[in-house]
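S.K.: Residue numbers (this note's numbering): 33 to 97.
Just so you know, even glycine gets a beta-carbon here, dropped at the ideal spot from N, CA and C.
Just so it is clear, the structure is predicted and the values come from calculations on it, not from any experiment.
Got a structure for you, questions after.
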(Lines of atoms letter the chains of each structure in order from A; the text may use other names.)
(Lines give C-alpha, C1' and ligand atoms only; values in the text may rest on other atoms or scores of the structure.)
Protein backbone atom coordinates (compact mmCIF):
# COMPACT_ATOMS: atom_id res chain seq x y z
CA UNK A 33 0.00 0.00 0.00
CA UNK A 34 1.19 3.51 -0.70
CA UNK A 35 1.92 5.50 2.45
CA UNK A 36 3.38 8.62 0.84
CA UNK A 37 1.96 9.50 -2.56
CA UNK A 38 4.24 12.52 -3.00
CA UNK A 39 7.38 10.35 -2.76
CA UNK A 40 5.85 7.03 -3.90
CA UNK A 41 6.78 5.30 -0.63
CA UNK A 42 5.02 2.05 0.26
CA UNK A 43 4.63 0.17 3.52
CA UNK A 44 7.14 -2.35 2.14
CA UNK A 45 9.68 0.45 1.70
CA UNK A 46 9.23 1.43 5.35
CA UNK A 47 9.54 -2.19 6.54
CA UNK A 48 12.73 -2.52 4.50
CA UNK A 49 14.14 0.73 5.92
CA UNK A 50 13.45 -0.51 9.46
CA UNK A 51 15.20 -3.80 8.69
CA UNK A 52 18.17 -1.71 7.57
CA UNK A 53 18.23 0.29 10.81
CA UNK A 54 15.66 3.09 10.56
CA UNK A 55 13.93 3.55 13.90
CA UNK A 56 12.49 7.08 13.85
CA UNK A 57 10.41 9.25 11.56
CA UNK A 58 13.52 11.36 11.04
CA UNK A 59 15.27 8.30 9.62
CA UNK A 60 12.39 7.65 7.23
CA UNK A 61 12.34 11.29 6.16
CA UNK A 62 16.08 11.25 5.45
CA UNK A 63 16.14 7.85 3.73
CA UNK A 64 12.82 7.80 1.89
CA UNK A 65 11.54 11.37 1.89
CA UNK A 66 8.42 10.40 3.86
CA UNK A 67 6.47 13.41 5.14
CA UNK A 68 8.85 15.87 3.49
CA UNK A 69 6.33 17.34 1.04
CA UNK A 70 2.72 17.91 2.11
CA UNK A 71 2.97 15.95 5.40
CA UNK A 72 -0.41 14.24 5.07
CA UNK A 73 1.25 10.82 5.27
CA UNK A 74 2.88 11.42 8.66
CA UNK A 75 0.22 9.65 10.72
CA UNK A 76 0.09 6.60 8.50
CA UNK A 77 3.88 6.50 8.25
CA UNK A 78 4.16 6.53 12.06
CA UNK A 79 1.71 3.62 12.28
CA UNK A 80 3.62 1.60 9.68
CA UNK A 81 6.93 2.45 11.39
CA UNK A 82 5.55 1.22 14.73
CA UNK A 83 4.26 -1.98 13.13
CA UNK A 84 7.55 -2.56 11.32
CA UNK A 85 9.56 -2.08 14.51
CA UNK A 86 7.30 -4.50 16.41
CA UNK A 87 7.69 -7.15 13.72
CA UNK A 88 11.39 -6.61 13.04
CA UNK A 89 13.77 -9.36 14.09
CA UNK A 90 16.99 -7.37 13.72
CA UNK A 91 19.22 -6.74 16.73
CA UNK A 92 18.80 -2.95 16.53
CA UNK A 93 15.07 -3.11 17.29
CA UNK A 94 14.10 -3.14 20.97
CA UNK A 95 11.64 -6.01 20.51
CA UNK A 96 14.40 -8.30 19.21
CA UNK A 97 16.39 -8.04 22.44
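(1) Could you tell me the boundaries of the beta strand (DSSP E) in which residue 35 lies?
(2) Do you know offhand how far residue 43's Cα is from residue 37's?
(3) Can you give the Cα-Cα distance for residue 66 and residue 89, rounded to whole angstroms?
(4) Buried or exposed: where does residue 56 fall if 16 or more other Cβ atoms within 10 Å of its Cβ makes it buried?
(5) CA-CA distance, residue 48 and residue 70?
(6) Only counting the same chain, and skipping five residues up and downstream in sequence, which positions put a Cβ closer than 7 angstroms to that of residue 45?
M.R.: To lay it out plainly:
(1) Within the chain shown, numbered from 1, the residue matching residue 35 stands at position 3. For residue 35, the enclosing beta strand (DSSP E) stretches over residues 34–36.
(2) For the purposes of this step, residue 43 is identified with residue 11 of the chain shown, where counting begins at 1. For the purposes of this step, residue 37 is identified with residue 5 of the chain shown, where counting begins at 1. Distance between residue 43 and residue 37, taken at the CA atoms: about 11 angstroms.
(3) Taking the chain shown and counting its residues from 1, one reaches residue 66 at position 34. Taking the chain shown and counting its residues from 1, one reaches residue 89 at position 57. Looking at the two C-alpha atoms, the distance is approximately 23 angstroms.
(4) Here residue 56 refers to the residue found at position 24 of the chain shown. Residue 56 should be labelled exposed.
(5) For this step, residue 48 is matched to residue 16 along the chain shown. For this step, residue 70 is matched to residue 38 along the chain shown. Approximately 23 angstroms between the Cα atoms of the pair.
(6) By one-based count along the chain shown, residue 45 stands at place 13. Within the same chain, residue 45 has close Cβ partners 64.
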